[in-house]
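The next block holds one structure in the form of structure tokens; read it before the comments.
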Amino acid sequence: MNEQKGTKLLEGSIGKGIVSFAIPLFLGNLFQQFYNTVDSLVVGNFLGSDALAAVSSSGSLIFLLVGFFNGIATGAGVVISKYFGEKNYVDLRKAIHTNVAFGLVSGALLTGIGILLAPRLLIWMGTPDSVMPNSVLYFRTYFAGSLAFVLYNILTGILRAVGDSRRPLYYLIFSSLFNVALDLVFVGILHLGVGWAALATILSQIASAILCFVRLVRTTEIYQIHVREIRFHGKMLRQIIQLGLPSGLQNSLISIGNLVVQSNINQFGALAMAGCGVYSKIEGFAFLPIMSFSMSLTTFIGQNLGARQYERAKRGAMFGIGCSVVLAELVGVSVFALMPYLAGAFDSNPAVVAIAVAQAHTEALFYFFLAFSHCIAGILRGAGKSTIPMFTMLASWCILRILYITAAVHFLKRIEVIFWAYPLTWSVSSIIFLVYFVKADWLHGFERSLSSR
């Protein structure tokens, strides 16, 4: 078996290694965001603003449930990258097969939870009656395919943890184009409604999950999946939960804060929901460089700490932070300037475009705070310190966000007040991370603090 895969993160140029790993991640995330956005583009143009509002209102709820399991998968990726860096292939195989078993069980659980809780959660968010039927239909249809998108994230996480970020990209390109074709047929040509837009996404996720699974079963690499070995190994499951649970809880709790934001947006009506939904789709593209470097740093740090290359890990961390912050601000300036034209592609209604522009002009120039926070969080997760980003983001992106929204909207009922919740809480988390970064002597104490792993 070839044991050299992924060594580009362990040796050679640090910048070249991180960037070459991040580019496929970026392109993969780009296509993932693309086919998530196609639903909104097609629905908004063919079914109207109310249907677009229904799709948009489901986004926060979807991330609330999916984010928890994806966070656990992040912990699994750290465990896998650590054993891969150590060349401990016995435990590597156990971690991989435990991770797949976890994906199968969690996917089944998520299906039931999503379908059963959809109406109650949407009511709790204050979804308008005019939007409710389509929102419930989209939400339930989407979650009927939970097993596919959970497994897809688990399987691509395995590939990325061992240094392969290219094949997930190829599979995602195929499924993205497949999703576009299905959306255009179901909604654009046949006018079958929002439920069929969700079905198109499900079928695309199934296709990409199958491609990843076939690759991992047929590969001759050390990380090959053997179906008969898929089971829970107690030691590995404990490690995965220990490292992943904080990230999962963080994702879900942040989503609760975002749900509070969304419920306040819902009070301004369907056009506001549609406008904010349009902005969130465009913002998702803007965040891609941030997330790509954050994910790259988690794998880079995990592998290099597993190989006990502490100085290399330090230098890689600084490189990743710098690149992400600069890219994020360049993207933010572009979003600020181009939002009127970008929003118009989703919905020609001037009121919807105006809401999207207002949100962009409030938030876009502060993306550098978001980049800094995500990069530090990614580094710490790779180092096995996932509780620090969990508590930091819980305090700032959930608790503080909810407190701000509750107080601010009470005194000033303007939607722009809601938009400020994001840059304010991004800046607070960045300050906390910076203080930790400096006060904990994190850079100079890197080897001392992580050699216990």
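Going letter by letter, the sequence shown gives residues 718 to 1170 in our numbering. Heads up, the beta-carbon is just placed ideally off N, CA and C, and yes, glycines get one too.
| query | result |
| --- | --- |
| Under 9 Å, do Gly974 and Trp1114 count as touching if we go by C-beta distance? | yes |
| Would you call Tyr1058 buried or exposed, if buried means 16 or more other Cβ atoms sit within 10 Å of its Cβ? | exposed |
| Taking DSSP as the reference, what is the three-state secondary structure of Val879? | coil |
| Hey, Leu1005 and Phe743: beta-carbon distance below 9 Å or not? | yes |
| Along the chain, where does the alpha helix (DSSP H) that runs through Tyr859 open and close? | 849–861 |
| Are Gly1095 and Gly1037 close, meaning C-beta to C-beta below 9 Å? | yes |
| So, helix, strand or coil for Ser737, using DSSP? | helix |
| Would you kindly work out how many angstroms separate the C-alpha atoms of Ile942 and Val807, rounded to a whole number? | 13 Å |
| Return the first residue and the last residue of the alpha helix (DSSP H) that Ile1149 is part of. | 1138–1156 |
| When DSSP labels each residue in this structure, what does His814 get in the three-state scheme? | helix |
| I need the straight-line Cα distance from Gly951 to Gln959, nearest angstrom please. | 12 Å |
| Quick one: Cα of Ala1060 to Cα of Glu938, how far? | 45 Å |
| Relative to the C-alpha of Leu1014, which candidate in Thr754, Gly1101, Ile779, Val1134 has its C-alpha closest? | Gly1101 |
| Pull up the distance between the alpha-carbon of Phe1063 and that of Leu758, whole angstroms please. | 5 Å |
| For Ala985 and Ile832, which I take to be in contact (beta-carbon distance under 8 Å), what is that distance rounded to the nearest angstrom? | In the sequence under discussion, the amino acid at residue 985 is Phe, which differs from the Ala named in the question. Going by Cβ atoms, the distance from Phe985 to Ile832 rounds to 29 Å, so no, they are not a contact pair. |
| With burial defined as no fewer than 16 other Cβ atoms inside 10 Å of the residue's Cβ, what is the status of Val1155: buried or exposed? | exposed |
| Do Val772 and Ala914 count as a contact pair if the criterion is CB distance below 9 Å? | yes |
| If you measure between the beta carbons of Val783 and Leu827, is that distance less than 9 Å? | yes |
| Does the Cβ of Met1035 have 16 or more other Cβ atoms within 10 Å, making it buried, or fewer, making it exposed? | exposed |
| Might you give, ordered along the chain, the residues of its own chain that have their beta carbon closer than 8 Å to the beta carbon of Phe1083, omitting 5 neighbours on each side? | Gly1049, Tyr1139, Pro1140, Trp1143, Ser1144 |
| Would you check if there are 3 or more beta carbon pairs closer than 8 Å linking the segment 911–930 to the segment 858–867? | yes |
| Could you tell me the alpha carbon to alpha carbon distance between Ala989 and Ile971, rounded to whole angstroms? | 22 Å |
| Phe949 by DSSP, collapsed to three states: which one? | coil |
| Compare the beta carbon distance of Phe1002 and Val897 with 9 Å and say whether it is the shorter of the two. | no |
| Within 10 angstroms of its Cβ, does Leu907 collect 16 or more other Cβ (buried), or is it exposed? | exposed |
| Starting from Leu1111, follow the alpha helix (DSSP H) in both directions and report where the run begins and ends. | Taken as a continuous stretch (DSSP letters only), Leu1111 belongs to no alpha helix (DSSP H), as it is neither H nor E. |
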